[in-house]
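Asker: Counting from 1, position 686 in the sequence shown corresponds to residue 730 in the numbering used here; the numbering is continuous, with no gaps. For every residue, glycine included, the Cβ atom is placed at its ideal position computed from N, Cα and C. As the structure is a computational prediction, the values presented were derived from the model and not from experiment.
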Amino acid sequence: MTGSSFNADDLAQFKQTFFDECAELLADLEERLSSLQEEAADSEALNAIFRAVHSIKAGAGAFGFSQLVQFAHRYEALLDRMRDGLVEQNERVADVLVRAGDILASFVEAAQSEQELGEDFGSEVGDEIDLLLAEIDGLESVLTSEEEQSDENSDSEGVQEDQNKSSCTYLIEFVPKAELLRHANEPLLLIRELQTLGDLQTECSLERLPTLGAMEPEDAYLSWMLTLKTDKSEEDIREVFEFVEDDCELKVSAIAAKDSGDGSLSFQIIEEVTEESEEDQATGTLKSEKPGAQSKAAETSVPETNPSDAPKKANVAAPKAKTASTPAQSSGVSSIRVDLDRVDRLVNVVGELVIAQSMQAQEAEDRQNGHEFLMNQANEDMSRIVRELQECVMAIRMQPVKSVFSRMPRLVREVSSKLNKQVRLLTEGEQTEVDKTVIEELADPLTHMIRNAIDHGIESPEEREAAGKKGTGAIKLLARHAGGNIIIQVIDNGSGINKEALLKKAISKGIVSEDAKLTDEEIEELIFAPGFSTAQAVTDVSGRGVGMDVVRRNINKLGGRISVQSVEGKGTCFTLTIPLSLAVLDGMLVAIGAEKYILPLASIVESFRPLEEQLRALAGGGEVVSMRGEYIRLIRAHHLFNVPGAVTDPCQGLVVVTETANGGKVGLLVDELIGQQQVVIKSIQENFDPVPGVSGATILGNGRVALILDIEQLKSMPVSADNWKSSSSEPLEQQEASPANGEEQRTIAPEAMTDTEGMQVPATV
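1) Helix, strand or coil: how does DSSP classify residue 723 here?
2) Comparing alpha-carbon positions, which option in 98, 638, 281, 614 lies nearest residue 681?
3) Is residue 592 helix, strand or coil when you go by DSSP?
4) Quick check: residue 145 and residue 65, are their CB atoms within less than 8 Å of each other?
5) So, does the stretch 448 to 461 touch the stretch 393 to 400, judging by three or more C-beta pairs under 8 Å?
6) Considering only the alpha carbon of each residue, which of 723, 470, 265, 760 lies closest to residue 516?
7) To the nearest angstrom, report how far apart residue 56 and residue 263 are at their CA atoms.
8) Pull up the distance between the alpha-carbon of residue 172 and that of residue 179, whole angstroms please.
9) Determine the closest residue to residue 569 out of 524, 619, 601, 530, with distance taken between C-alpha atoms.
10) Give a yes or no on contact between the stretch 517 to 537 and the stretch 502 to 509, applying the rule of three or more CB pairs nearer than 8 Å.
11) What does residue 500 pair with, by DSSP beta-bridge criteria?
12) Under a three-way DSSP split, which group does residue 235 fall into?
13) In this structure, how does DSSP classify residue 66 when only helix, strand and coil are distinguished?
14) Who are the near neighbours of residue 123 in its chain, counting only those whose CB is closer than 7 Å to its CB and skipping five residues on each side?
15) Going by other Cβ atoms of all chains shown within 10 Å of its Cβ, with 16 needed for buried, is residue 371 buried or exposed?
16) Give me the DSSP bridge partner(s) of residue 683.
17) Does residue 667 come out as helix, strand or coil in the three-state DSSP assignment?
18) Could you tell me which residues DSSP puts in a beta bridge with residue 515?
19) Mapping DSSP to helix, strand and coil, what is residue 325?
20) Where do the N-terminal and C-terminal ends of the beta strand (DSSP E) with residue 145 fall, by residue?
21) If the criterion is Cβ atoms closer than 8 Å, does the pair residue 551 and residue 573 meet it?
22) Take the Cβ of residue 496 as the centre, count every other Cβ of all protein chains shown within 10 Å, and call the residue buried at 16 or more, exposed below.
23) Determine the direct distance from the alpha carbon of residue 143 to that of residue 7, and round the result to whole angstroms.
24) From residue 777 to residue 478, what distance separates their C-alpha atoms?
25) Who does residue 632 pair with in a DSSP beta bridge?
26) What residues match up with residue 652 in a beta bridge as DSSP calls it?
27) From residue 645 to residue 405, what distance separates their C-alpha atoms?
28) Would you call the stretch 242 to 257 and the stretch 109 to 128 in contact, with 3 or more CB pairs under 8 Å?
29) With a threshold of 7 Å on Cβ separation, who are the neighbours of residue 509 within its own chain once the five nearest residues in sequence on each side are excluded?
30) Residue range of the beta strand (DSSP E) that residue 19 falls in?
31) For residue 130, count neighbouring Cβ atoms within 10 angstroms of its own Cβ and tell me buried if that reaches 16, exposed if not.
32) Quick check: the Cα distance between residue 592 and residue 234, rounded to an integer number of angstroms?
33) Can you find at least 3 beta carbon pairs, one from the stretch 536 to 546 and one from the stretch 593 to 612, that sit closer than 8 Å?
34) Pairing CB atoms from the stretch 240 to 248 with CB atoms from the stretch 267 to 275, are three or more of them under 8 Å?
35) Less than 8 Å between C-beta atoms, sequence neighbours within five positions excluded: which residues of the same chain meet that for residue 230?
36) Look at the alpha carbon of residue 147 and the alpha carbon of residue 71, and state the distance between them as a whole number of angstroms.
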């Protein structure tokens, strides 16, 4: 073809597909390499690691990422020797494989961000791979010499058999399926690999090539007829195509060389024609109807690489007899890639369906006729169908947190190595699923918290041993479902938070006053203050507290909350509570005056109608309500939003007790609870400036708009003295009600949690 059929947008699309594949492959690679440090890998694990590296190399070669291809080739060579049983798996080899995996991931990241890495990047690990390969090849050469000596002593019949074997010729029909390229495989790389096995002649067929207008950029159309003269077996040839067996039609036939009399060679198929025909019928093998129409392609050569000499010896195992490779078993789980915009549109349509169902329910309630029972029955059926449809659609967006957790082992290795600390990462609940949008927003907060934990939480080996701990620290990532939320905890068994130093630093920065009386929990919350840190010196890794305000802000944007608990000398536990989905919310519909509002159901603890003696006024403004001996700040939403006609006497209304991000409680005064309702979240930021105390909006069954309240913002909104009137004339001192400027209190169980590694950390709230 003349000219280019692809533009920059096409290339960008192909690259993005490649990088998406790389992300999945690297995640699987990371998981398997981590287990490799615990125990020796079996053949299945080694094959999976090899396939991941091979696939990345193939795709990188198609886009010209030469550094990535060169390193992956060396990495792949070592893995191939391990699959052959030539390398004994030990600590040294496992360390090289893990570090090579990190370097490979760095090359992929650099390629994706279009950054240039130095020529020496990864050379240290690459040299270690070359060293291992040199030692292995050295052993192979010794064994080869012994075999040659044995051959010399063998009889002439054996020699003749070897000579016949060395001159065997194979005819290879390679017909890629259309989807081969989409699976990040490159046919030319396979042909070049075949070329290393012997003398290769190639003929490329254009029979399946469509017209330009009918051509799909991601489909494979070419096929090849290959003639290979080699001393290798058919098994060795098929091994080249091991990872594309499901994506191509492949025939390998041994042929006998025959002199045609004119100096040229003609070839005679050894297999019986009847057997071949039966095989064709069974497999549907594609064959060229007109071999003469095939266009010949020039042969290409692959330069040979010589391993570097090495003075040291590796633990090299004797070679095992190579067994026929079997295709990898299917996991039984099929998946498809879905464009996120299409899923979002589908979610919006389902949201409208939910609204329509709600409106129908309202209409059925209003209608007074003889068919009321049938209307109610139809409404119940529709409700059930809508809920099932919604669950199915939302499941499309759900992904396991493993995609985020899998990035953390590499981070732990890099940071701990840089700080000369010994840290293990433990994970639990990796298959816990959450909305894709939440997954994407979790990576940065978790990365920051783990950096903090290693830098300023986990002690050095010497300090840990002096404190009677194991020299190796541990960080645990835990995920689980709780109601409509996902709970993620970052737990370390380090030094914990020094509350005395934390409070002194807060006083020196003017964050709290010197005479403030704070509980331990409120002192711990100071690390979320903007720009706050207890680090003695600024490092390029992290500083406990630096950026934690950003972490909390990001979590709050997801509708979640973050809290911290710490026991000095034992460890620290950060707990993230985040909604499973950002599209649909289980809420409580409440009335305030003539307006209707939605409160997130997950944040509601209870509701009650207080007595007059339970209400107290604060000296500086505001009021609290006593509930079972605990004082809770009372928020009058009708004052904050200027709602007329609302109940002003708490004794005539209801106080809805809600839990805040740090585990405390606040009470919201409402007129009445209307009932639970699942609502579709609509953003108001596209058309309006941010409204304090409001996180979004929804459409009710009667078509009216209801605002979704943000408890975190409500509790932070200023309350002036004229915005409240307590029914009690007896004021309560601010320090008695709440030690931290009217902020809420919380009670925490004193018990501690112990994991299987002996990590002592605070119990969760």
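Answerer: Put simply:
1) strand
2) 638
3) helix
4) no
5) no
6) 470
7) 16 Å
8) 11 Å
9) 619
10) yes
11) For residue 500, which the question treats as bridged, DSSP gives no partner whatsoever.
12) helix
13) helix
14) 90, 93, 94, 97
15) Residue placement at residue 371 is flagged as unreliable, the pLDDT there being 38, under the threshold of 50; the coordinate-derived value follows with that caveat. By the neighbour-count rule (16 or more Cβ atoms within 10 Å), residue 371 is not buried but exposed.
16) Residue 683 pairs with nothing; no bridge assigned.
17) strand
18) Residue 515 pairs with nothing; no bridge assigned.
19) Note that residue 325 scores 39 on pLDDT, short of 50, meaning its location in the model is unreliable and no value can be drawn from it.
20) Residue 145 -> not in any beta strand (DSSP E); alpha helix (DSSP H) instead, spanning 135 to 157.
21) no
22) buried
23) No statement about residue 7 is possible, as the shown extent of the chain runs from 45 to 809 and does not include it.
24) Here residue 777 scores only 39 on pLDDT, less than 50, and its place in the model is too uncertain to base an answer on.
25) 643, 720
26) 699
27) 21 Å
28) no
29) 515
30) Outside the displayed span of the chain (45 to 809) sits residue 19, for which this structure offers no information.
31) buried
32) 50 Å
33) yes
34) yes
35) 102, 103, 105, 106
36) 14 Å
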